[in-house]
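Undergrad: Protein chains in written order, with the working numbering: chain P, 1 to 324; chain E, 1001 to 1324.
Virtual Cβ for every residue (Gly too), placed ideally from N, Cα, C.
First the structure, then my questions, so here it is.
There are 2 protein chains.
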Amino acid sequence: MSPADAAGPADVVVALDVGGTGMKCALVRPDGTTVHTERHPTDAGRGPDAVVETILDVAEGLAGKARADGRDPVALGIAVPGVVDEATGVAVWSANVGFRDVPLRDLAAQRLGLPTVLGHDVRVGGLAEARLGAGRGTGHVLFVAIGTGIAAAHVVDGAAAGGAHGAAGEIGHVLVRPGGPRCGCGRDGCLEAVASASAIARRYAEATGAGPTGTAGDGGPTGTPASAADVADRAAAGEPAAARVWAEAVEALADGLATGQALYDVETVVVGGGLAQAGPRLFDPLRAALHERMTFHRRPRLVAAALGDEAGCLGAALLALDAR
Amino acid sequence: MSPADAAGPADVVVALDVGGTGMKCALVRPDGTTVHTERHPTDAGRGPDAVVETILDVAEGLAGKARADGRDPVALGIAVPGVVDEATGVAVWSANVGFRDVPLRDLAAQRLGLPTVLGHDVRVGGLAEARLGAGRGTGHVLFVAIGTGIAAAHVVDGAAAGGAHGAAGEIGHVLVRPGGPRCGCGRDGCLEAVASASAIARRYAEATGAGPTGTAGDGGPTGTPASAADVADRAAAGEPAAARVWAEAVEALADGLATGQALYDVETVVVGGGLAQAGPRLFDPLRAALHERMTFHRRPRLVAAALGDEAGCLGAALLALDAR
């Protein structure tokens, strides 16, 4: 095995992106190319201890696979959701994986005997988009992931800001509609409560009388609750309720991104997550609404994420490569 | 003269904080102590060329004064308001001084023959508060200056974020009241339009029928328009209109600071500028309203600025000391 601080031609890093349902895993070379990928179920219902055991087993298996292929695993990067203290390598809190103060970095470093870095899923996703994806070539990038929730990563010169307690970039909890819909965080009118993919589905179900779970029928062709993508389709087809819910989400997103631009002043805003799949139905009106709001601010480029659901895993690899 | 990169016992830096009405100037030692101060009028009405000439003359005079006192001026720091491109040393734009793309750093470096740094007034003020003032000892600080306008500086590990175009930290233009009062920037409902010192005075004049200029009488004892400080006094004395305007400003500030905390995740929020003079009348209700809004966020300390109107000049000195 070559020493970890030498960049041998056979060097790879082991990268894991741990989500609520699955883990995306890869072996990545120092030039950023992926030489092997794996996916595993997280099975979060088994509890955090079992999930940690699976993470360590999968990481060990990847390192073994690398060696079996004649490569040298030189470092390990792990991305997890929730609140992550990157400085101490602790997964502080996560709703969907169940972590509570898990010293995951040290556990993994001990098991694999490799330099290990722990990162936050959205922040490492932003890192990857900024360095290898849609933000490539620009020094100041805001990556915004819109899915079940909304979170952001502010990446300057290839480093994502974590904040004082690992909680920076919570753009989903920027107030955009005082007295508006109740957010999961307990406040009213957060961006996430109006414009996340799940908020769009919920607000459309409410608007069409389907109720929050869609059990009363939503008027859609399948009988299942309409997703945010369905709402985008129906809005484009001219359905009034869908058009209204979609427009309200776009306006709220423009307000949230304008606030982000006022505070961060970036060159490029990269939007990813499930909602970005709506393509021009999202980006065309959002770009117009955002630019309308830019008065004294410099207008950022608004672009779709380029790396899809690989961003987190690639970002974990970048952290590991930086730590070699 | 000792070389600029040696820290001789007689070394000082020359620091200027250029405002719309006056310039605060100082000679500062490497340990941060001020050995000499001067104030000069800016006289912005003479136009930007004349102001630049005065800045250069004053800086040269300060360097000469240092030498006459047996000290070695080793660097120059200049803080200016508006949009400042710190990387290129250009004063891009300023409403109250009239700068338009003035290469002030290079002009001053040429005239004085000293390493020169140009900074943004609020950002260098934040730098000084974070390193020497109310944020001392904490790594992540948000400095918010509330006066005629509202602007912020995000300081991490002693460095203030400038953004991609020198426009970061514009917390005054965070949307807090959709459809609310028109802001100077052209949008409705910006924080600055509800909660700056001038907005508070204007809103109180409107509420009491005095009109925006106070010419119709404002019911106050002096006959002149009530200032934000007067509004705070009258609110404390139980006057309903003052109490309402003051409470609305405090609520809006809490919303704006909560948004700042969601995005930046700092340990300490330092509030300065004229409005901070209101003391407990501002800080007691603002701290309560801010903490009420902290759901998932970590609560930042909320404290008053410690350096008063010296912060900008001290921050300019810190920039110069860093650049030696």
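Relative to the alpha-carbon of G315(P), which residue among G172(P), V28(P), A10(P), R39(P) has its alpha-carbon at the smallest distance?
TA: It is V28(P) whose Cα lies nearest to the Cα of G315(P).
Undergrad: Tell me, please, whether the CB atom of Y154(P) is closer than 9 angstroms to any CB atom in chain E?
TA: Before going on, a small fix: residue 154(P) reads as His here, not Tyr. Yes, H154(P) lies at the interface with chain E (some Cβ there is under 9 angstroms from its Cβ).
Undergrad: Assuming H297(P) is part of the alpha helix (DSSP H), what are its boundary residues?
TA: No alpha helix (DSSP H) holds H297(P); DSSP gives it neither H nor E.
Undergrad: Exposed or buried, which one is D1069(E) when buried takes at least 16 other CB atoms within 10 Å?
TA: Per the 10 Å Cβ criterion, exposed.
Undergrad: P1178(E) CB to nearest chain P CB: under 9 angstroms?
TA: Answer yes: the Cβ-Cβ gap between P1178(E) and chain P drops below 9 angstroms somewhere.
Undergrad: Would you be able to state if there are at least three C-beta pairs under 8 angstroms between the region 1089 to 1100 of chain E and the region 1125 to 1142 of chain E?
TA: Not touching, per the Cβ criterion.
Undergrad: Please report how far the alpha carbon of V1141(E) lies from the alpha carbon of A242(P), in whole angstroms.
TA: So the two alpha carbons sit approximately 42 angstroms from each other.
Undergrad: Applying the criterion that 16 or more other CB atoms from any shown protein chain within 10 Å of the CB defines a buried residue, is E1053(E) buried or exposed?
TA: Classification for E1053(E): exposed.
Undergrad: Which of helix, strand or coil does DSSP assign to H1154(E)?
TA: Note: H1154(E) maps to strand in three-state DSSP.
Undergrad: Please state whether DSSP places T37(P) in a helix, a strand or coil.
TA: Of the three classes helix, strand and coil, the one that applies to T37(P) here is strand, per DSSP.
Undergrad: May I ask you to report which of helix, strand or coil DSSP gives P181(P)?
TA: Residue state, collapsed to three classes: coil.
Undergrad: Determine, using beta carbons only, whether V1270(E) and G1126(E) come nearer to each other than 9 angstroms.
TA: Contact flag set, yes.
Undergrad: Helix, strand or coil: which one does DSSP assign to F99(P)?
TA: Coil at F99(P), not helix or strand.
Undergrad: Which chain P residues are close to E975(E), counting only those with a beta carbon under 9 angstroms from its beta carbon?
TA: This structure cannot settle anything about residue 975(E), because the visible part of chain E is limited to 1001 through 1324.
Undergrad: Quick check on the burial criterion: 16 or more other C-beta atoms within 10 angstroms. Buried or exposed for V1090(E)?
TA: V1090(E) is buried by the Cβ-count criterion.
Undergrad: Going by the beta-carbon positions, is the gap between G32(P) and A317(P) smaller than 9 angstroms?
TA: Yes. Within cutoff.
Undergrad: Less than 9 angstroms between the C-beta atoms of R1177(E) and A1207(E), yes or no?
TA: The answer is no: Cβ separation not under 9 angstroms.
Undergrad: Alpha carbon to alpha carbon, how far is A1193(E) from G1179(E)?
TA: Looking at the two C-alpha atoms, the distance is approximately 11 angstroms.
Undergrad: Mind pulling the chain E residues with CB within less than 9 angstroms of G139(P)?
TA: Residues of chain E passing the Cβ test: A1164.
Undergrad: Report the CB separation of A1109(E) from C1313(E) in whole angstroms; it is logged as a contact under 8 angstroms.
TA: The Cβ separation is near 19 angstroms, so there is no contact.
Undergrad: Taking only three categories from DSSP, how would you classify R29(P)?
TA: Coil.
Undergrad: Would you tell me roughly how many angstroms separate the C-alpha atoms of V58(P) and L112(P), rounded to the nearest one?
TA: If I take the Cα positions, the gap works out to 11 angstroms.
Undergrad: The beta strand (DSSP E) that contains D1017(E), what's its start and end?
TA: First-last of the beta strand (DSSP E) with D1017(E): 1011 to 1018.
Undergrad: Alpha carbon to alpha carbon, how far is V250(P) from H291(P)? Give it in angstroms, no decimals.
TA: C-alpha separation (whole angstroms): 13 angstroms.
Undergrad: Within its chain, find whatever has a CB closer than 7 angstroms to the CB of G22(P); leave out the 5 residues flanking it on each side and keep chain order.
TA: Same-chain partners within the cutoff: R39, H40, P41, T42.
Undergrad: Short of 9 angstroms Cβ to Cβ, which residues in the region 185 to 198 of chain P face chain E?
TA: If the cut-off is 9 angstroms between Cβ atoms, the region 185 to 198 of chain P has C185, G186, R187, C190 near chain E.
Undergrad: Taking DSSP as the reference, what is the three-state secondary structure of V1271(E)?
TA: V1271(E) falls in the strand class under three-state DSSP.
Undergrad: So with CB distances below 9 angstroms, who are the chain E contacts of A134(P)?
TA: Under the 9 angstroms cutoff, chain E gives no residues; its nearest Cβ is about 16 angstroms from A134(P).
Undergrad: Within 10 angstroms of the Cβ of G1256(E), are there 16 or more other Cβ atoms? Answer buried if so, exposed if not.
TA: G1256(E) should be labelled buried.
Undergrad: Please list the terminal residues of the continuous alpha helix (DSSP H) segment that includes L1112(E).
TA: First-last of the alpha helix (DSSP H) with L1112(E): 1104 to 1112.
Undergrad: Taking 7 angstroms as the limit between beta carbons, can you name the residues of its chain near Y204(P), skipping five residues before and five after?
TA: Cβ within range, chain order: A226, V231, A241, A242, V245.
Undergrad: Residues in the same chain with beta-carbon distance under 6 angstroms from V1174(E), minus the five sequence neighbours each way, listed in chain order, please.
TA: Correct list, in chain order: L1191, G1256, T1259.
Undergrad: Less than 9 angstroms separating the beta-carbons of L104(P) and L114(P)?
TA: Cβ distance not < 9 angstroms, so L104(P) and L114(P) don't count as in contact.
Undergrad: V35(P): buried (16+ other C-beta within 10 angstroms of its C-beta) or exposed?
TA: Counting Cβ neighbours within 10 Å, V35(P) comes out exposed, since fewer than 16 surround it.
Undergrad: Take L1282(E) as the anchor and find which of A1152(E), A1252(E), P1300(E) has the nearest alpha-carbon.
TA: Nearest of A1152(E), A1252(E), P1300(E) to L1282(E), Cα basis: A1252(E).
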